[in-house]
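J.: Can you keep this structure in mind? I'll have questions shortly.
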Amino acid sequence: MGYYNADSSRPVGRFPSVYFWASGSIWATLVDYQHYTGDESFNKDILAALSDSKNIGPNKDYLYETSDVRTTDDIATWALAALAAAERNLPQPNPDVPSWLTLAENSFNYLSGLWDADTCGGGINWALDTEEVQLQPYKSTLTIGAVFQLAARLARATGDENGDFASFANQVWDWSVKVGFVDPGFNVYDGALADDDCSRINKVQFSHTAGLYLLGSAVMANVTGDEKWIGRAQNLTDRAIEVFFGGEEQNVLTEVSCESVGSCTDDMAVMKGSFASALWRSTQMLPSLDQAARPVLESSAQAAVAACTEGDSGEECPMSWVDKSSGGIGAGEQASVLALVQGLLISESDAPYSEGQVDGGSSSNGSGDSNGSSGSGSGGSDESGAISMRASAAVVVGSFMLATLSLI
């Protein structure tokens, strides 16, 4: 948290040198951190960031206040962080803010309402107010994949196996395949200009977007038990391992779009952590994925830890865990390593809570009572044994995670 606390003049919840969506992704990593380790030292900051009035916006859907360009992937990523808080039953201390689940539902309602069938036969534009900011409308998997995952996880959290959330997840998947953003080989591409009716796909591949579709598919498999979703999750896993753990350095997670040419931005530094988290969580949703995923995640964790020898402290983590000269050092790089390494504790941790366990929300997709439950919650179960197991397991990786966390 050193990066976050270094400058108190920044808006609440914003990390330095990264866009709004990337800050949301880092907070989601920290939500998982407190769950995996039982360390609640940073919960005050997490809760403040996710409930800040300027971040959640006047309609309480993360349509945030800013003088810059607002993008739909920003909204979706913060909604996923709020949903992570709901899935862990973090307390909602502010009575003027809806429950975490309702915040996520509100965001889903807003984003799904932006579905644009007039161009490309569907999809959601990346930037809001494109004419005002003079940007060409672009259908991006950064947004579409995030909304897909949001719908899938909301379906699980609310028990909506055959309702609006699950239906929208199916709609997004079918459209993504039809337009070619997810190809027959299960590559996930960046997107395309809407003005060209998505006829010229930008085929750059980011680990983050692959993870969005992967975890969404694994959650749908968990919710429905449907073989089609099980197959999709397995195929996405296999292809992602080929793409992002390949190359000369086998079995080390690499952001292939930028690391080899040294063009990674501060925002891209967050992507590997987002993907690692998605892959870890997918193994919990669909245990059959563990056999393929765990070996490459474990070998990547070893490489990442070995690379964290940079900066004045000699403990900071670079962008690349293979070539430390590639990329910079910042909050995103530390968060990515934290997300990867803390996933080693997932087998000792409870799965995200689901229907009947999650506090707050509404049966009408977020249009209900805006004052959600403030309970810290355990879904009615006794977590003392699980916390003890997590504490024991955390000893193995805890010292490294704390060192990394102090730098975020």
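For the sequence shown, the UniProt record's numbering begins at 1 and goes up steadily by one.
We put the beta carbon where it would ideally sit given N, CA and C, even for glycine.
(1) Apart from the five residues just before and just after F186, which ones in its own chain have a Cβ nearer than 7 Å to its Cβ?
(2) Taking 7 Å as the limit between beta carbons, can you name the residues of its chain near E65, skipping five residues before and five after?
(3) Taking 8 Å as the threshold, find out whether the segment 75–89 comes into contact with the segment 139–151 through three or more Cβ pairs.
(4) What residues match up with S140 in a beta bridge as DSSP calls it?
(5) Can you tell me whether I201 is helix, strand or coil according to DSSP?
(6) Rounded to the nearest angstrom, how far is the Cβ of A321 from that of A304, given a contact under 8 Å?
(7) Tell me which residue opens and which closes the alpha helix (DSSP H) that D73 is part of.
(8) What runs of the alpha helix (DSSP H), each 4 residues or longer, lie entirely inside the segment 207–284?
(9) Measure the alpha-carbon distance for G372 versus L193 and round it to whole angstroms.
(10) Sorted by chain position, which residues of the same chain lie with C-beta nearer than 7 Å to A301's C-beta, five sequence neighbours on each side aside?
(11) Helix, strand or coil, according to DSSP, for N94 in the structure here?
(12) Which residues in the same chain as L114 place their Cβ atom closer than 6 Å to its Cβ, once the five residues preceding and following it in sequence are excluded?
(13) Taking the runs of the alpha helix (DSSP H) that are 4 residues or longer, which of them lie wholly in the segment 329–361?
(14) For V18, which beta-bridge partners are listed by DSSP?
(15) Label N106 either buried or exposed according to how many other C-beta atoms from any shown protein chain fall within 10 Å of its C-beta, with 16 as the threshold for buried.
(16) What first and last residue would you give for the alpha helix (DSSP H) that runs through N55?
(17) Would you report the Cα separation of D61 and A85, rounded to the nearest angstrom?
(18) Identify every residue that forms a DSSP beta bridge with V182.
(19) Return the bridge partner residues of N125 from the DSSP annotation.
(20) From G225 to R156, what does the alpha carbon distance come to, in whole angstroms?
(21) Tell me the rounded alpha-carbon separation between N202 and D190.
(22) Compute the Euclidean distance between the alpha carbons of residue 464 and Y138, then round it to the nearest angstrom.
(23) Starting from V12, trace the alpha helix (DSSP H) both ways and give me its first and last residue.
(24) Could you give the residue range of the alpha helix (DSSP H) that holds W321?
(25) I'd like the list of long-range same chain contacts for S367, defined as Cβ closer than 6 Å, with 5 residues on each side in sequence excluded.
(26) Are the CB atoms of A104 and L80 within a distance shorter than 9 Å?
(27) Any C-beta of chain C sitting closer than 9 Å to the C-beta of Y36?
(28) Which residues does DSSP list as the beta-bridge partners of E298?
(29) What's the C-alpha gap between L63 and V296?
(30) Between V270 and the rest of its own chain, which residues show a CB-CB distance below 8 Å, the 5 nearest in sequence each way excluded?
(31) What residue range does the alpha helix (DSSP H) around Y4 cover?
(32) Assuming F148 and V172 are in contact, meaning their beta carbons sit under 8 Å apart, how far apart are those beta carbons, in whole angstroms?
(33) Can you tell which of D290, L150 and S277 has its C-alpha closest to the C-alpha of I230?
(34) Between the alpha carbons of N222 and M285, how many angstroms are there, rounded?
(35) With respect to 8 Å, is the separation between the Cβ of S274 and the closest non-hydrogen atom of the ligand FAD below this value?
T.: Let me lay it out:
(1) N235, L236 and R239
(2) K54 and G57
(3) yes
(4) G191
(5) strand
(6) Note that residue 321 is Trp in the sequence shown here, rather than Ala. Going by Cβ atoms, the distance from W321 to A304 rounds to 5 Å, so yes, they are a contact pair.
(7) T72 to E87
(8) 207–224 and 227–244
(9) Bear in mind that a pLDDT of 35 at G372, under 50, signals an unreliable position, so the model cannot answer this.
(10) L340, V341 and L344
(11) coil
(12) I124
(13) 331–342
(14) None, per the DSSP bridge assignment.
(15) buried
(16) S53 to I56
(17) 15 Å
(18) V188
(19) K139
(20) 12 Å
(21) 6 Å
(22) Beyond the ends of the chain as shown, which are 1 and 408, falls residue 464; an answer cannot be given.
(23) Note, V12: premise wrong, no alpha helix (DSSP H); not H, not E.
(24) Taken as a continuous stretch (DSSP letters only), W321 belongs to no alpha helix (DSSP H), as it is neither H nor E.
(25) Only weak support exists for where S367 lies, its pLDDT of 39 falling under 50; the coordinates are left without a value.
(26) yes
(27) Here chain C cannot be found, since the structure has a single protein chain.
(28) In DSSP, E298 forms no bridge with anything.
(29) 37 Å
(30) V18, A22, S25, I26, H208, G332, A335 and S336
(31) G2 to N5
(32) 4 Å
(33) D290
(34) 6 Å
(35) Inclusion of the ligand FAD in the displayed structure is not the case, the ligand content being empty and no account of it being possible.
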